[in-house]
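Peer 1:
Number of protein chains: 2
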Amino acid sequence: MKQKSITIYDIAKEAGVSSATVSRVIAGNYPVSEKTRKKVLDLIDKYDYHPNAVARSLTKKETKMIGFVLPDITNPFFSQVFIEAEKYALTKGYTLILCNSMNSSEMESKYLRILSERQVEGMIFMGGRINKTFTDVVEVNELLHVLDKMPVVMINGKIDGLDCYSVRTDEARGIELVIDHLVSLGHEKIGLIGGVKGVTTTDIKVEAYKNLLSKYRLTFRDSWQIYSGFDVQTGKEAINQLMESDKEELPTALIGINDLVIIGALKACRQKRIKQFSFVGFDNTDLAKNSSPEITSVSHPYSELGKKAIDLLINASKANSQRKDILIAPYLEVRESSGLTKL
Amino acid sequence: MKQKSITIYDIAKEAGVSSATVSRVIAGNYPVSEKTRKKVLDLIDKYDYHPNAVARSLTKKETKMIGFVLPDITNPFFSQVFIEAEKYALTKGYTLILCNSMNSSEMESKYLRILSERQVEGMIFMGGRINKTFTDVVEVNELLHVLDKMPVVMINGKIDGLDCYSVRTDEARGIELVIDHLVSLGHEKIGLIGGVKGVTTTDIKVEAYKNLLSKYRLTFRDSWQIYSGFDVQTGKEAINQLMESDKEELPTALIGINDLVIIGALKACRQKRIKQFSFVGFDNTDLAKNSSPEITSVSHPYSELGKKAIDLLINASKANSQRKDILIAPYLEVRESSGLTKL
DNA sequence: CTGTTAGCGCCTTCAA
DNA sequence: TTGAAGGCGCTAACAG
Chain Z
1 MKQKSITIYD IAKEAGVSSA TVSRVIAGNY PVSEKTRKKV LDLIDKYDYH PNAVARSLTK
61 KETKMIGFVL PDITNPFFSQ VFIEAEKYAL TKGYTLILCN SMNSSEMESK YLRILSERQV
121 EGMIFMGGRI NKTFTDVVEV NELLHVLDKM PVVMINGKID GLDCYSVRTD EARGIELVID
181 HLVSLGHEKI GLIGGVKGVT TTDIKVEAYK NLLSKYRLTF RDSWQIYSGF DVQTGKEAIN
241 QLMESDKEEL PTALIGINDL VIIGALKACR QKRIKQFSFV GFDNTDLAKN SSPEITSVSH
301 PYSELGKKAI DLLINASKAN SQRKDILIAP YLEVRESSGL TKL
Chain V
1001 MKQKSITIYD IAKEAGVSSA TVSRVIAGNY PVSEKTRKKV LDLIDKYDYH PNAVARSLTK
1061 KETKMIGFVL PDITNPFFSQ VFIEAEKYAL TKGYTLILCN SMNSSEMESK YLRILSERQV
1121 EGMIFMGGRI NKTFTDVVEV NELLHVLDKM PVVMINGKID GLDCYSVRTD EARGIELVID
1181 HLVSLGHEKI GLIGGVKGVT TTDIKVEAYK NLLSKYRLTF RDSWQIYSGF DVQTGKEAIN
1241 QLMESDKEEL PTALIGINDL VIIGALKACR QKRIKQFSFV GFDNTDLAKN SSPEITSVSH
1301 PYSELGKKAI DLLINASKAN SQRKDILIAP YLEVRESSGL TKL
């Protein structure tokens, strides 16, 4: 392996033209006579020549690379957005660099530096520091430095006072979809489990939940809205806590802050042989589809989120007329779990 | 945004030294007087200067980038390896470029070209063309071109006659772990469902399965080994097919080619109210853990696979003494599903 | 339509 | 211990 790589000069010399001409043939942006064009193309083919993107980046001061920072790509919630962004970026000639911060602020900082050194043309953030309601000053400062050099898009997150683009799922609308669905099935007592107070996505959902109950004049009990967390275990805990409250006044349907919480809740109910709840999850991950019973879930507009994020970055320099904040509606994927109790 | 970026020259000028000296301070590989060193470092700090990795790559002819090509990062089987590789690469100063081929040969080819142009120092392949038992000539030729320029590692796949590195899970050993486990639970009639004949991972498992049954003198029926596919639906189909065969001679335990197939099988059994099988999956994805019942599954050595792949690439140029093929043992994650039938 | 020239930002001899 | 100079491979004026 490792043969000396051939350059634009080698092609030029053998074709009896200058390197500039070869460059023009490749770029196709300036006129070249058909004859020399063909000669050059033949040689390019003969030697299987490929232009060196590093050299090109240095000259043109554009790398066609975008950094994508998220906590953990094994989480389908992130990977589904990422993959859509990648596919779309490819069609636009951009390459993404995925950076898994593993929820570590240090790793996130390290990646910020690396991406910056590698001269990416923009960064996309999803999860991590952009989802804290109370933000860390040092972390925000790092982002400010980045913003000095390139455009930034935040997906499903936002930090106040940071002048960057954002693309978000309209989660309040998601909760509305769920409640409409449950009400149409006859439910009037609806609970919300999971999440952590102070995390943006939780706060938005809880607020929407309360507003809608009030708007629809549905019953509300403090004990029906249970903060617990984001994983399976906390879903179980939420059920335990719920069942310890007044048995006379239990909800008939439960909305989960995400699918995992619902999976936990289902497990707890199965163990305790409880069959009195209908369930709706959030995120529409593969877990929802493959669970038994299959879980009705709010689906983020994954494809749109990914594409819009890329579009915003690519067009950031051109039109500063474009909207900086984009809100996209989710949709409801109805499956078995929301029809468990017949009312 | 987009301020003119400062260079090594700006630092040099203000420090009253040459750019070479600044370069030396940064690299730290040549002696520099303590006084100028400090002066330079102070300025670097003052201007928050970061060296331009693109320019460095061009001069040093090393990009510290590695391409990682796989079919679909939303599949946890791939993402778990990728993330381990990424974490490890980071500690070695390398950045990975993830390329999702979406099982499209065209996209895979396109990415090969892009990675090559971007001057990555090596490529890792997982899934896709490297898993076909019968290989496409054109596809192999493309890989040969790549091999001319850089080292290549294949994870859990191999193409004969291609001189590249490989890291694989010892899947035959995985099947042995499963059968040992099932035998220890008293099973003597064991089936294997899922997969497609001609796909390497299927072939390896089926062969190991047959060998071990014969070695342990366990009953074998042709109807107990059912090719069907790799997803939930095909798992259901396998059960349907199995139940149409001689009812007197059914297995008591079923091994799945992967977790999804077992999830499908569990669904089918629940629908038909069949309770006569124990189940073991393969891959140990989050689906296995979060399913009900939780699925016993063979876990790939995800972390080792990822790390070894990176190590092989990084050391490819140095020691050609290292082994080119590495086989790593999987382990069994025992959960509920293998204990469903008491014998 | 085509060649010449001057960088892009950095590293690495070679000389001092 | 330091500076000058050349070059990595390509592109973008500027001439012609």
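Quick note, the sequences are listed as chains Z and V, same order. The numbering used here numbers the first residue of the first sequence as 1 and each following residue consecutively. The numbering used here numbers the first residue of the second sequence as 1001 and each following residue consecutively. We treat Cβ as the ideally placed atom computed from N, Cα and C, and that holds for glycine. Small disclaimer: the values here were computed from a predicted structure and weren't measured.
1. Looking at the secondary structure, which residues open and close the beta strand (DSSP E) in which Cys164 of chain Z lies?
2. Output the distance between the C-alpha atoms of Cys269 of chain Z and Ile310 of chain Z, rounded to the nearest integer angstrom.
3. In the DSSP assignment, what residue or residues form a beta bridge with Ser1297 of chain V?
4. What did DSSP end up calling Met1102 of chain V once you bin it into helix, strand or coil?
5. Going by the beta-carbon positions, is the gap between Gly1256 of chain V and Val1232 of chain V smaller than 8 Å?
6. So is His1300 of chain V in contact with chain Z if we call contact Cβ pairs under 8 Å?
7. Three Cβ pairs or more, each shorter than 8 Å: is that satisfied between the region 221–230 of chain Z and the region 186–195 of chain Z?
8. Using only the alpha-carbon positions, how far apart do Lys1210 of chain V and Lys1236 of chain V sit?
9. Please return the same chain residues whose Cβ sits closer than 6 Å to the Cβ of Thr1095 of chain V, not counting the five positions on each side in sequence.
10. Since Phe125 of chain Z sits in a beta bridge, which residues does DSSP pair it with?
11. Helix, strand or coil, according to DSSP, for Asp1325 of chain V in the structure here?
12. Any Cβ of chain V within less than 8 Å of the Cβ of Gln233 of chain Z?
13. Please report the straight-line C-alpha distance between Ile83 of chain Z and Ile97 of chain Z, rounded to a whole angstrom.
14. Phe1279 of chain V touches chain Z at which residues, Cβ-Cβ below 8 Å?
15. Counting only C-beta atoms, is Thr1074 of chain V closer than 8 Å to chain Z at any point?
16. Counting along the chain, where does the alpha helix (DSSP H) carrying Ile263 of chain Z start and finish?
17. Please go through the same chain and pick out, in chain order, the residues whose beta-carbon is closer than 8 Å to the beta-carbon of Ser1317 of chain V, but skip the five residues on each side of it.
18. List, in chain order, every chain Z residue whose beta-carbon is nearer than 9 Å to that of Phe1082 of chain V.
19. Helix, strand or coil, according to DSSP, for Gln80 of chain Z in the structure here?
20. Should Glu1117 of chain V and His145 of chain Z be called a contact, given that it needs their Cβ atoms to be closer than 8 Å?
21. Does the region 1071–1081 of chain V touch the region 1121–1140 of chain V, meaning 3 or more C-beta pairs lie closer than 8 Å?
22. Residues of the region 1050–1072 of chain V in Cβ contact with chain Z at a cutoff of 8 Å, in chain order, please.
23. According to DSSP, is Ala253 of chain Z helix, strand or coil?
24. Within 8 Å (strictly less), CB to CB, does Lys267 of chain Z reach chain V?
25. Note down, in chain order, each residue of its chain lying with its Cβ closer than 7 Å to the Cβ of Gln241 of chain Z, except the 5 sequence neighbours on either side.
26. Per DSSP, which one or two residues make a beta bridge with Lys189 of chain Z?
27. Thinking just about the alpha-carbon of each residue, which of Z:Leu305, Z:Lys158, Z:Arg56, Z:Ile274 is nearest to the one in Thr344 of chain Z?
28. Output, in chain order, the set of chain V residues within a Cβ distance shorter than 7 Å of Arg335 of chain Z.
29. Comparing the C-beta of Asp1325 of chain V with each C-beta of chain Z, is any distance below 8 Å?
30. Would Glu108 of chain Z pass as an interface residue toward chain V - the criterion being a Cβ-Cβ separation below 8 Å?
31. Any contact between the region 30–49 of chain Z and the region 1014–1025 of chain V? By contact I mean 3 or more CB pairs, one from each, below 8 Å.
32. Kindly say whether Asn1290 of chain V, judged by its beta-carbon, lies nearer than 8 Å to any beta-carbon of chain Z.
33. Buried or exposed for Met1243 of chain V, going by 16 or more other Cβ atoms inside 10 Å?
34. Starting from Ala309 of chain Z, trace the alpha helix (DSSP H) in both directions and tell me its first and last residue.
35. Looking only at its own chain, which residues have a Cβ that is under 8 Å from the Cβ of Asp170 of chain Z, when we skip the five neighbours before and after it?
36. Looking at C-beta atoms only, is the number of pairs between the region 36–51 of chain Z and the region 1100–1112 of chain V that lie closer than 8 Å three or more?
Peer 2: Result, derived from the coordinates:
1. As a working mapping, residue 164 of chain Z is identified with position 164 in the first sequence. It is not in any beta strand (DSSP E) - Cys164 of chain Z carries neither H nor E in the DSSP assignment.
2. As a first step, residue 269 of chain Z is located in the first sequence; it is residue number 269 there, counting from the start. As a first step, residue 310 of chain Z is located in the first sequence; it is residue number 310 there, counting from the start. When the Cα atoms are used, Cys269 of chain Z and Ile310 of chain Z turn out to be separated by approximately 42 Å.
3. Against the second sequence, residue 1297 of chain V aligns to sequence position 297. Ser1297 of chain V pairs with V:Gly1281, V:Glu1333.
4. Mapped onto the second sequence, residue 1102 of chain V falls at position 102. The answer is coil: DSSP assigns Met1102 of chain V none of H, G, I, E or B.
5. By one-based count along the second sequence, residue 1256 of chain V stands at place 256. By one-based count along the second sequence, residue 1232 of chain V stands at place 232. No, the pair does not count as a contact, with Cβ atoms beyond the cut-off.
6. Mapped onto the second sequence, residue 1300 of chain V falls at position 300. Closer than 8 Å: no.
7. yes
8. For this step, residue 1210 of chain V is matched to residue 210 along the second sequence. For this step, residue 1236 of chain V is matched to residue 236 along the second sequence. The straight-line gap from Cα to Cα measures roughly 23 Å.
9. Stepping through the second sequence from its first residue, residue 1095 of chain V is reached at position 95. Hits under 6 Å: Met1065.
10. As a working mapping, residue 125 of chain Z is identified with position 125 in the first sequence. Looking at the DSSP output, Phe125 of chain Z sits in a beta bridge with Z:Val69, Z:Met154.
11. Taking the first residue of the second sequence as position 1, residue 1325 of chain V is located at position 325. In this structure, Asp1325 of chain V counts as strand in the three-state DSSP scheme.
12. In the first sequence, counting from the first residue as 1, residue 233 of chain Z sits at position 233. Answer no: the Cβ-Cβ gap between Gln233 of chain Z and chain V never drops below 8 Å.
13. Residue numbering aside, residue 83 of chain Z sits at position 83 when the first sequence is read from its first letter. Residue numbering aside, residue 97 of chain Z sits at position 97 when the first sequence is read from its first letter. Near 12 Å, if we compare the C-alpha coordinates of Ile97 of chain Z and Ile83 of chain Z.
14. Your numbering for residue 1279 of chain V matches position 279 in the second sequence. In chain order: nothing, as chain Z lies at least about 13 Å away.
15. For the purposes of this step, residue 1074 of chain V is identified with residue 74 of the second sequence, where counting begins at 1. Chain Z, which has a Cβ nearer than 8 Å to the Cβ of Thr1074 of chain V, makes this yes.
16. In the first sequence, residue 263 of chain Z corresponds to position 263, counting from 1. From DSSP, the alpha helix (DSSP H) with Ile263 of chain Z extends over 259–271.
17. Along the second sequence, read from residue 1 onward, the residue named residue 1317 of chain V stands at position 317. Taking C-beta separations shorter than 8 Å and ignoring five residues to either side along the sequence, the partners of Ser1317 of chain V in its chain run Pro1151, following chain order.
18. For the purposes of this step, residue 1082 of chain V is taken as the residue at position 82 of the second sequence. Residues of chain Z passing the Cβ test: Ile73, Thr74, Leu98, Asn100.
19. Along the first sequence, read from residue 1 onward, the residue named residue 80 of chain Z stands at position 80. Helix, per DSSP.
20. Along the second sequence, one-based indexing puts residue 1117 of chain V at 117. Along the first sequence, one-based indexing puts residue 145 of chain Z at 145. Not a contact, by the Cβ cut-off of 8 Å.
21. yes
22. His1050, Pro1051, Asn1052, Ala1053, Val1054, Ala1055, Ser1057, Leu1058, Thr1063, Asp1072
23. Here residue 253 of chain Z is taken as the residue at index 253 of the first sequence, counted from 1. DSSP places Ala253 of chain Z in strand when its eight states are reduced to three.
24. Translated into the one-based positions of the first sequence, residue 267 of chain Z becomes position 267. Yes, contact with chain V.
25. By one-based count along the first sequence, residue 241 of chain Z stands at place 241. Excluding positions up to five away in sequence, the list reads Ile226.
26. Residue mapping note: residue 189 of chain Z aligns to position 189 of the first sequence, counting from 1. Paired residues: Z:Thr219.
27. The question about residue 344 of chain Z has no answer here: the residues shown for chain Z are numbered 1 through 343.
28. Here residue 335 of chain Z corresponds to residue number 335 of the first sequence, with the count starting at 1. Correct list: empty, because the minimum Cβ distance to chain V is about 13 Å.
29. Walking along the second sequence from the start, residue 1325 of chain V turns up at place 325. Not one chain Z Cβ lies under 8 Å of Asp1325 of chain V.
30. Here residue 108 of chain Z is taken as the residue at index 108 of the first sequence, counted from 1. With 8 Å as the cut-off, Glu108 of chain Z does not count as an interface residue toward chain V.
31. Segments in contact, no.
32. For this step, residue 1290 of chain V is matched to residue 290 along the second sequence. Answer yes: the Cβ-Cβ gap between Asn1290 of chain V and chain Z drops below 8 Å somewhere.
33. Locating residue 1243 of chain V in the second sequence gives position 243, counting from the first residue. It is exposed - the Cβ of Met1243 of chain V has fewer than 16 other Cβ atoms within 10 Å.
34. To locate residue 309 of chain Z, count along the first sequence from 1; it is residue 309. Counting along the chain, the alpha helix (DSSP H) containing Ala309 of chain Z begins and ends at 302–315.
35. Taking the first residue of the first sequence as 1, we reach residue 170 of chain Z at position 170. Leu327, Ile328, Ala329, Pro330, listed in sequence order.
36. no
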